[in-house]
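Participant:
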Amino acid sequence: MTKILAIETSSDACSVAVSDGHSDYSFHELMPRQHTESLLSVIDDLLNSASLDIKSLDVVAVGCGPGSFTGIRLACSTAQGISISQNIRGIVVPSLHLLASRINRSESAKKIVSIVDANMDRLYLGEYSYSGELLKNSELTSIPRNAFNPSKYDEETFFVGEGCKLVLDSIQKVSSQISFELPSALELLYIAREKYASEDTVISEKILPIYLTEESNWVKS
Numbered sequence: 001m002t003k004i005l006a007i008e009t010s011s012d013a014c015s016v017a018v019s020d021g022h023s024d025y026s027f028h029e030l031m032p033r034q035h036t037e038s039l040l041s042v043i044d045d046l047l048n049s050a051s052l053d054i055k056s057l058d059v060v061a062v063g064c065g066p067g068s069f070t071g072i073r074l075a076c077s078t079a080q081g082i083s084i085s086q087n088i089r090g091i092v093v094p095s096l097h098l099l100a101s102r103i104n105r106s107e108s109a110k111k112i113v114s115i116v117d118a119n120m121d122r123l124y125l126g127e128y129s130y131s132g133e134l135l136k137n138s139e140l141t142s143i144p145r146n147a148f149n150p151s152k153y154d155e156e157t158f159f160v161g162e163g164c165k166l167v168l169d170s171i172q173k174v175s176s177q178i179s180f181e182l183p184s185a186l187e188l189l190y191i192a193r194e195k196y197a198s199e200d201t202v203i204s205e206k207i208l209p210i211y212l213t214e215e216s217n218w219v220k221s
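By the working numbering, the letter at position 130 of the sequence shown is numbered 130, and the numbering carries on one by one without gaps.
#1: Hey, is Leu182's beta-carbon within less than 8 angstroms of any beta-carbon in chain D?
#2: Specify, as a first and last residue, the run of the alpha helix (DSSP H) that Phe148 falls within.
#3: Looking at the structure shown, is Ala118 part of a helix, part of a strand, or coil, going by DSSP?
#4: I need the boundaries of the alpha helix (DSSP H) containing Cys64, first residue and last residue.
#5: Rounded C-beta distance between Thr141 and Leu212? I'm assuming under 8 angstroms.
#6: Which of the three DSSP states is assigned to Glu181 in this structure?
#7: What distance in whole Å lies between the Cβ atoms of Cys64 and Pro32, which are believed to be in contact at a cut-off of 8 angstroms?
#8: Let's see if you can read the secondary structure: which residues bound the alpha helix (DSSP H) around Leu40?
#9: Kindly indicate the opening and closing residues of the beta strand (DSSP E) around Leu30.
#10: Give the straight-line distance between the Cα atoms of Leu268 and Ser176, rounded to the nearest whole angstrom.
#11: Relative to the C-alpha of Asp117, which residue among Asn104, Ser85, Thr201, Val160 is closest?
#12: For Ala75 versus Thr9, is the C-beta distance shorter than 8 angstroms?
#13: Is the CB-CB distance between Glu187 and Ser101 below 8 angstroms?
#14: How long is the line joining the alpha carbons of Glu37 and Ser151, rounded to whole angstroms?
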């Protein structure tokens, strides 16, 4: 059975999950500005809980953003280091996709918009459409906050992510389906299993953050 480590630190939550091929183990806790100090110990604790060591992993998965500059760089560099040292491949999934996938599975939503605060009065948007649990279309963009246009959506659209708070009045004009949850390593684990089974993996050099805007638009946390 596939042994997977999943790392997602694009938000204020430090989220890590491990699968030993039979059971899943996870840690998901809000710890703003503490990811750097905590991530490696969280990984070690979860591997111990699963009776695994780093050498037994088959693949490492990472939420590659967009989101917190520091958090995404930390997650990707940690995953890349493990990939190189253990000679295993990686799986990269946009953090906006993690939000949409979670809502699709938990709410059976078909049209989903993920929103994350991009700082500098901008938003990261992920627009997703599903047929059942099959992802049909996706588009990732970065827009000025005042350019958010609710009229392109309807009441069937489900909005997810903490960034929804920044345009909540606009969203509520078209839909009451809103969740402020954060990206989760458990959801990343779910997606990683499917990607690993279909051999949708990358070499270590491709475990990189997503940049939807120029680096000058990032605000380090």
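Beta carbons are placed, not taken as given, at the ideal position from N, Cα and C, and that holds for glycine.
Please read all numbers here as calculations on a predicted model, not as lab measurements.
Facilitator: Taking the structure as given:
#1: Among the chains in the structure shown there is no chain D, since it carries only a single protein chain.
#2: Note, Phe148: premise wrong, no alpha helix (DSSP H); not H, not E.
#3: When secondary structure is reduced to three states using DSSP, Ala118 falls in the strand class.
#4: Here Cys64 belongs to no alpha helix (DSSP H), and DSSP marks it neither H nor E.
#5: 7 angstroms
#6: The answer is coil: DSSP assigns Glu181 none of H, G, I, E or B.
#7: Contact flag wrong, Cβ pair sits at about 20 angstroms.
#8: 35-49
#9: 24-30
#10: No answer is possible for residue 268: it lies beyond the span of the chain, which begins at 1 and ends at 221.
#11: Val160
#12: yes
#13: yes
#14: Approximately 43 angstroms, taken between the alpha carbons.
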